[in-house]
Structure formats: C-alpha cells, structure tokens
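**Student:** One structure coming up, written as structure tokens, with questions to follow.
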Amino acid sequence: MIKASTYKAPDKLLEDKVILISGGGSGIGREAGLTFSSFGANTILLGKDSSNLEETYSLFEKNNLKRPILQVIDLETAKKEDFKKISNEVLKEFGKLDGLLNNASILGTKTSIQNYDLEEWRRVSRVNFESAFLLTRSLLPVLEIPDNSSVVFTSSGVGKKGRAYWGAYAISKFATEGLVQILSEELEKTSGIRVNAINPGPVETKMRAQAYPAEDPKTLKNPKEVMNAYLFLMGIDSLNITGQSIEAQ
116 MIKASTYKAP DKLLEDKVIL ISGGGSGIGR EAGLTFSSFG ANTILLGKDS SNLEETYSLF
176 EKNNLKRPIL QVIDLETAKK EDFKKISNEV LKEFGKLDGL LNNASILGTK TSIQNYDLEE
236 WRRVSRVNFE SAFLLTRSLL PVLEIPDNSS VVFTSSGVGK KGRAYWGAYA ISKFATEGLV
296 QILSEELEKT SGIRVNAINP GPVETKMRAQ AYPAEDPKTL KNPKEVMNAY LFLMGIDSLN
356 ITGQSIEAQ
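Under our numbering, the sequence shown has 316 at position 201, and the numbering climbs by one with no breaks.
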C-alpha cells in the first residue's frame with residue numbers, strides 16, 4: 116500500500132471534485148481547503164467564526180485559487196435540520212459531493228475524569244463526534260451520487276490509546292474511530308463511499324498550543340507538511356482503502 120505520509124499527488128488530482136470541510140476556517144481545515152483547491156477541487160468550508168472564514172477566503176484569492184463557498188455554523192448548537200439544509204444546498208449548487216473532511220474539533224478541559232464537568236463533556240462530544248455523525252449522515256445521499264467518494268474523519272493518537280487527563284477529547288476520538296469502522300463496513304458493498312480516519316500527529320495549530328502550552332512550536336510540522344496524507348485519502352489512489360486509520364506523519 117502507498118505510504119500516505121510520503122504520497123506525491125499528481126497535478127489536477129482533484130479536478131472538478133467537490134469537497135466539504137468542517138473546521139475549515141483555521142489550522143488543518145484551512146490548509147486542507149487551500150491544498151484541495153490547488154489540486155483542482157471546489158471547496159465548501161464550514162466554520163463557527165465568520166472572521167476566520169473570511170480570512171481563509173482572502174488566502175484563496177491571494178493564491179488565485181477557486182473561491183470556496185463559506186458556511187457559518189456552530190456545531191455545538193446545530194440541529195439535524197441545519198445539516199439537512201447543508202446537504203440540500205450542496206445538491207442544488209453542485210449536484211454531488213466527492214469528499215467530506217470531518218475536521219472540526221475542540222480540546223475541552225484537560226483534567227481528571229473525577230473532576231470533569233458534565234456540560235463541558237457534552238460540549239466536546241457534540242462538537243467532535245455528534246456533529247460529525249449528523250453531518251456525514253445528512254450528506255450520504257449526495258456522496259452516493261459520484262462513482263466513488265471519500266469521507267475522512269480527523270482522529271488523534273489519544274483516540275487509539277487513552278491518556279490520563281485527556282477526558283472527553285480522547286473519548287470523542289475513540290468514538291470517531293469506531294464510527295469509521297462501522298460506517299465503512301455498512302457502505303462498502305452498497306455504495307462507492309469509502310470511510311477512513313487520519314491522525315495528523317503533532318502539528319502547529321492553536322489547539323496544539325492549547326494542549327501543550329510549554330512546547331516550542333518550531334519543533335512541530337506546520338499543517339501544509341501533513342497534507343500528503345489528506346490528498347491521498349481524497350484522491351483516486353485510495354479507492355480500495357476503507358475502514359482504516361492512517362498516520363499523516
């Protein structure tokens with residue numbers, strides 16, 4: 116199998132593909148949008164902060180890339196009807212969806228299970244896991260339209276091996292890994308949709324700085340340096356890969 120972390124994407128890998136990214140206003144989601152667009156994709160960026168989305172839009176303009184469609188949405192409070200509306204709008208605008216990157220996440224509190232606040236626990240679960248479940252479910256009808264499409268969930272090392280004080284964040288990523296396994300099996304024989312998880316590893320983002328405030332960011336890769344794996348999972352070279360959890364580094 117091709118090693119995702121060292122994958123070299125051909126030019127126009129994503130030509131005329133339509134890819135939706137949650138958490139597309141900053142960090143890995145922003146970089147994924149810019150990268151996918153540079154390889155020919157039309158992108159739809161979801162985010163909570165309109166100023167972040169507008170800043171991202173300006174980067175597309177600066178780099179002469181296809182302008183993204185922006186959608187402001189608060190994943191903590193969004194209802195299933197909000198996700199259905201997004202699906203309907205994608206269908207109306209593009210008539211299909213080739214890729215979905217479920218990237219939006221929040222860290223929550225780093226504290227012991229004994230001391231974890233219940234409302235904070237639920238908030239992390241809603242943003243990191245439940246919203247990804249609802250968004251994916253609502254988009255399945257438009258993901259089924261192309262001959263093949265790709266759903267990618269952003270996971271984490273603490274979603275594979277638990278670590279003290281990572282609480283709701285780690286649990287949400289364990290749940291994400293489980294959803295990938297279940298959904299990939301359900302869709303493998305009934306549709307052309309493949310479903311995988313990706314662990315970006317240590318990357319210089321605001322969330323990483325929040326989790327490790329004493330860490331020197333210069334020791335980390337920047338989001339652009341892990342995009343090979345994301346391109347691999349969205350492109351034709353991963354057509355036979357589903358139900359996997361892939362390391363970006």
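We put the CB at the ideal spot given by N, CA and C, even for glycine.
#1: On the premise that Glu292 lies in contact with Ser360, defined as a C-beta separation below 8 angstroms, what is that separation, rounded to the nearest angstrom?
#2: Do you know whose CA, among Thr334, Asp189 and Asn311, lies nearest Pro317's CA?
#3: According to the Cβ coordinates, are Asn311 and Ile260 closer than 8 angstroms?
#4: Gln186 bridges to which residues according to DSSP?
#5: To the nearest angstrom, how far is the alpha carbon of Ser287 from that of Gly274?
#6: With distances taken from CA atoms, which of Glu319, Ala329, Leu348 and Pro328 is nearest Arg145?
#7: Which residue from Tyr327, Glu340 and Asp131 puts its Cα closest to that of Tyr280?
#8: Taking Gly139 as the reference, which of Lys163, Gly350 and Asn157 has the closest Cα?
#9: Between the Cα of Val239 and those of Lys127, Lys225, Thr150 and Asn337, spot the shortest distance and give me the residue it belongs to.
#10: Alpha carbon to alpha carbon, how far is Gly210 from Pro256?
#11: Give the secondary structure of Lys127 by DSSP, where H, G and I count as helix, E and B as strand, and everything else as coil.
#12: Going by other Cβ atoms of all chains shown within 10 Å of its Cβ, with 16 needed for buried, is Asp213 buried or exposed?
#13: How big is the Cα-Cα spacing for Gln325 and Gly223?
#14: Using a Cβ-Cβ cut-off of 7 angstroms (strictly less than) and excluding sequence neighbours within five positions of Leu180, which residues of its own chain qualify?
#15: Give me the Cβ distance between Asn218 and Ile136, rounded to the nearest whole Å; I'm assuming they're in contact under 8 angstroms.
#16: Run the CB neighbour count on Arg182, radius 10 Å, all protein chains shown included, and call it buried at 16 or more, exposed below.
#17: For Ser220, count neighbouring Cβ atoms within 10 angstroms of its own Cβ and tell me buried if that reaches 16, exposed if not.
#18: Any contact between the segment 345 to 354 and the segment 118 to 130? By contact I mean 3 or more CB pairs, one from each, below 8 angstroms.
#19: Would you mind listing the beta strand (DSSP E) stretches within the segment 283 to 345 that are 3+ residues and don't spill past its ends, in chain order?
#20: In its own chain, which residues sit with a C-beta less than 8 angstroms from the C-beta of Asp331, not counting the 5 before and 5 after it?
#21: I'd like to confirm the pairing. Which residues does DSSP put opposite Val267 in its beta bridges?
#22: Please report the straight-line C-alpha distance between Gly307 and Gln229, rounded to a whole angstrom.
#23: With DSSP collapsed to three states, give me the class of Leu354.
#24: Within 10 angstroms of the Cβ of Arg241, are there 16 or more other Cβ atoms? Answer buried if so, exposed if not.
#25: DSSP puts Ile361 in a beta bridge; with which residues?
#26: What do you get for Ala329, buried or exposed, if any count of 16 or more other CB atoms within 10 angstroms of its CB means buried?
**Tutor:** A quick look at the data gives this:
#1: Start at 1 with the first residue of the sequence shown, and residue 360 comes out as number 245. Start at 1 with the first residue of the sequence shown, and residue 292 comes out as number 177. Yes, Ser360 and Glu292 are in contact; Cβ-Cβ is about 6 angstroms, under 8 angstroms.
#2: One-based indexing of the sequence shown puts residue 317 at position 202. Out of Thr334, Asp189 and Asn311, Thr334 has the C-alpha closest to the C-alpha of Pro317.
#3: The count along the sequence shown starts at 1 and reaches residue 311 at position 196. The count along the sequence shown starts at 1 and reaches residue 260 at position 145. No, these two residues do not count as a Cβ contact at 8 angstroms.
#4: For this step, residue 186 is matched to residue 71 along the sequence shown. Gln186 is bridged to Leu161.
#5: Residue 287 sits at position 172 when you count from the first residue of the sequence shown. Residue 274 sits at position 159 when you count from the first residue of the sequence shown. So the two alpha carbons sit approximately 7 angstroms from each other.
#6: Counting from 1 along the sequence shown, the entry for residue 145 is found at position 30. With distances taken between Cα atoms, Arg145 lies closest to Glu319.
#7: For this step, residue 280 is matched to residue 165 along the sequence shown. Comparing Cα-Cα distances from Tyr280 to each of Tyr327, Glu340 and Asp131, the minimum goes to Tyr327.
#8: Within the sequence shown, numbered from 1, the residue matching residue 139 stands at position 24. The option with the nearest alpha carbon to Gly139 is Lys163.
#9: Against the sequence shown, residue 239 aligns to sequence position 124. It is Lys225.
#10: For the purposes of this step, residue 210 is identified with residue 95 of the sequence shown, where counting begins at 1. For the purposes of this step, residue 256 is identified with residue 141 of the sequence shown, where counting begins at 1. Each residue's alpha carbon lies about 11 angstroms from the other.
#11: One-based indexing of the sequence shown puts residue 127 at position 12. Here Lys127 sits in coil by DSSP.
#12: Counting from 1 along the sequence shown, the entry for residue 213 is found at position 98. Burial call: buried.
#13: Translated into the one-based positions of the sequence shown, residue 325 becomes position 210. Translated into the one-based positions of the sequence shown, residue 223 becomes position 108. Rounded to the nearest angstrom, the two C-alpha atoms are 10 angstroms apart.
#14: The residue labelled residue 180 in the question sits at position 65 within the sequence shown. Excluding positions up to five away in sequence, the list reads Leu149, Ser152 and Ser153.
#15: To locate residue 218, count along the sequence shown from 1; it is residue 103. To locate residue 136, count along the sequence shown from 1; it is residue 21. Between Ile136 and Asn218 the Cβ distance is about 6 angstroms, and since that is below 8 angstroms, they are a contact.
#16: Within the sequence shown, the letter at position 67 stands for residue 182. The residue in question, Arg182, is exposed, as its Cβ has fewer than 16 Cβ neighbours within 10 Å.
#17: One-based indexing of the sequence shown puts residue 220 at position 105. Classification of Ser220: buried, given that the 10 Å Cβ count is 16 or more.
#18: yes
#19: 308 to 314
#20: As a working mapping, residue 331 is identified with position 216 in the sequence shown. If we look at Asp331 and ignore the five residues flanking it on each side, it has no Cβ neighbours.
#21: For the purposes of this step, residue 267 is identified with residue 152 of the sequence shown, where counting begins at 1. According to DSSP, Val267 bridges with Leu216 and Asn311.
#22: Taking the first residue of the sequence shown as position 1, residue 307 is located at position 192. Taking the first residue of the sequence shown as position 1, residue 229 is located at position 114. If I take the Cα positions, the gap works out to 43 angstroms.
#23: Residue mapping note: residue 354 aligns to position 239 of the sequence shown, counting from 1. Leu354: coil per DSSP, three-state reduction.
#24: As a first step, residue 241 must be located in the sequence shown, where it is residue number 126. Buried is the call here.
#25: Counting from 1 along the sequence shown, the entry for residue 361 is found at position 246. According to DSSP, which records beta bridges pairwise, Ile361 is partnered with Ile313.
#26: Start at 1 with the first residue of the sequence shown, and residue 329 comes out as number 214. Answer is exposed; the Cβ neighbour count stays below 16.
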